[in-house]
Amino acid sequence: DRFIFDVDKYFEKLTALKQAYKGKIEVLIGVEEGLRNEPGLPDQVKSFYDEMNSKYPFDFVIGSSHILRYYDPYYEDYWSGKPAPGKDLGAPDYAKNKERLSLEDGLREYFESILFNSKNYDNYDIYGHLDYIVRYAPGLSKEEKNYSPMDFKNIIDEILKGIIAKGKGIEINTSGIKYGLGYTHPKEWIVKRYHELGGEIITVGSDAHQKEHIAYGFDTAASVLENSGFKYYCIFRNRKPEFIKL
Numbered sequence: 128d129r130f131i132f133d134v135d136k137y138f139e140k141l142t143a144l145k146q147a148y149k150g151k152i153e154v155l156i157g158v159e160e161g162l163r164n165e166p167g168l169p170d171q172v173k174s175f176y177d178e179m180n181s182k183y184p185f186d187f188v189i190g191s192s193h194i195l196r197y198y199d200p201y202y203e204d205y206w207s208g209k210p211a212p213g214k215d216l217g218a219p220d221y222a223k224n225k226e227r228l229s230l231e232d233g234l235r236e237y238f239e240s241i242l243f244n245s246k247n248y249d250n251y252d253i254y255g256h257l258d259y260i261v262r263y264a265p266g267l268s269k270e271e272k273n274y275s276p277m278d279f280k281n282i283i284d285e286i287l288k289g290i291i292a293k294g295k296g297i298e299i300n301t302s303g304i305k306y307g308l309g310y311t312h313p314k315e316w317i318v319k320r321y322h323e324l325g326g327e328i329i330t331v332g333s334d335a336h337q338k339e340h341i342a343y344g345f346d347t348a349a350s351v352l353e354n355s356g357f358k359y360y361c362i363f364r365n366r367k368p369e370f371i372k373l
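Adding 127 to a residue's 1-based position in the sequence shown gives its number in our numbering.
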């Protein structure tokens with residue numbers, strides 16, 4: 128529950144900011160909703176978010192995957208492959224009996240979770256940071272985290288085709304630049320592939336946890352968009368995408 132914020136207070140604060148900056152800055156209200164694929168959780172999570180999204184007039188809803196087997200890959204516990212305390216869900220078959228999961232194992236499991244979540248849930252506008260798992264991956268160097276999306280082409284294609292078929296979009300998240308990886312989430316290859324497959328809805332976010340990082344790396348995001356064939360990016364108002372020329 129520590130990651131569930133007080134939505135009433137959130138709207139109260141942002142509504143006040145809308146009024147305070149009216150005519151100067153447009154304040155839109157969004158939310159990121161973490162989706163889950165562990166046994167028994169998908170239906171609970173879906174019901175929780177469906178109720179919240181019907182109650183509150185968000186402009187923008189990001190669906191995202193953070194947790195795998197009850198662990199966030201930010202923590203070493205995930206990479207150990209051991210079941211979480213009190214749970215019986217260990218590493219997938221291709222990673223069993225390893226002292227530590229490889230980055231390839233983690234990426235594969237992460238993409239599998241996105242594939243499940245993006246198919247199972249509809250009440251989102253874009254899917255966020257499609258290769259988030261490499262942002263942290265404790266103990267690995269920048270060079271070791273520089274994976275090749277081509278190694279996961281089949282499942283990435285399946286994810287992107289499903290998102291496009293639902294009329295949803297993806298995000299270019301610039302936090303990878305902030306964290307020193309040298310690339311956005313997802314990598315440019317995935318953004319380009321999304322465009323090749325017919326994807327049109329794409330947003331840009333900095334994932335700023337501090338005010339000084341708001342819009343950090345947006346120049347890089349613009350280059351990724353242009354290199355990938357996009358002429359527009361999107362913002363959302365009232366859950367509807369609006370296309371803005373680069």
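Backbone N, C-alpha and C fix where the C-beta goes; we use that ideal spot for every residue, glycine too.
Excluding sequence positions up to five away, which residues of its chain have a Cβ less than 7 Å from the Cβ of residue i?
i    : result
N300 : G255, H256, T311, H312, G332 and D334
Y359 : F370, I371, K372 and L373
Y176 : E160 and N250
Y201 : Y263
P119 : Residue 119 lies beyond the residue range present for the chain, which begins at 128 and ends at 373; the question has no answer from this structure.
F132 : none
Does the distance from the C-beta atom of residue i to that of residue j stay below 8 Å?
i    : j    : result
A264 : G233 : yes
K269 : G309 : yes
I194 : G167 : no
K305 : P276 : no
L324 : L287 : yes
T330 : I283 : no
D186 : G150 : no
E271 : L242 : no
L230 : V261 : yes
S191 : Y237 : no
Y197 : F138 : no
Residues bridged to residue i by DSSP?
i    : result
F357 : Partner(s): none; F357 has no beta bridge.
H312 : N300
I131 : According to DSSP, I131 bridges with nothing at all.
V318 : V318 pairs with nothing; no bridge assigned.
R364 : K367
T330 : E298
E159 : I189
K305 : None, per the DSSP bridge assignment.
K280 : None, per the DSSP bridge assignment.
From this set, the options, which residue's C-alpha is nearest residue i's C-alpha?
i    : options                   : result
M179 : G344, N250 and K338       : N250
G356 : K319, Y197 and G344       : K319
K214 : G307, E165, E353 and G289 : E165
S350 : W316, K246, R163 and Q337 : W316
F363 : Q146, F138 and L155       : L155
R235 : E203, K280 and I341       : K280
D199 : I189, V188, G190 and A211 : A211
N365 : Y237, S181 and Y137       : S181
Less than 8 Å between C-beta atoms, sequence neighbours within five positions excluded: which residues of the same chain meet that for residue i?
i    : result
K225 : G208, A218 and D232
G326 : L287, I290, I291, G296 and I297
G307 : K269
I341 : S333 and A335
E353 : L373
T347 : T301, I304 and T311
Which same chain residues end up closer than 6 Å to residue i when comparing Cβ atoms and leaving out the 5 residues on each side of it in sequence?
i    : result
W206 : R227 and L228
Curious, which full-length beta strand (DSSP E) runs of at least 3 residues does the region 168-208 contain?
-> The region 168-208 contains, as complete beta strand (DSSP E) runs of 3+ residues, the segments 187-192 (chain order).
Start-end ranges of the alpha helix (DSSP H) lying completely within the region 213-271, minimum 4 residues | When DSSP assignments are scanned along the region 213-271, the uninterrupted stretches of alpha helix (DSSP H) that are 4 or more residues long and fall wholly within it turn out to be 230-247.
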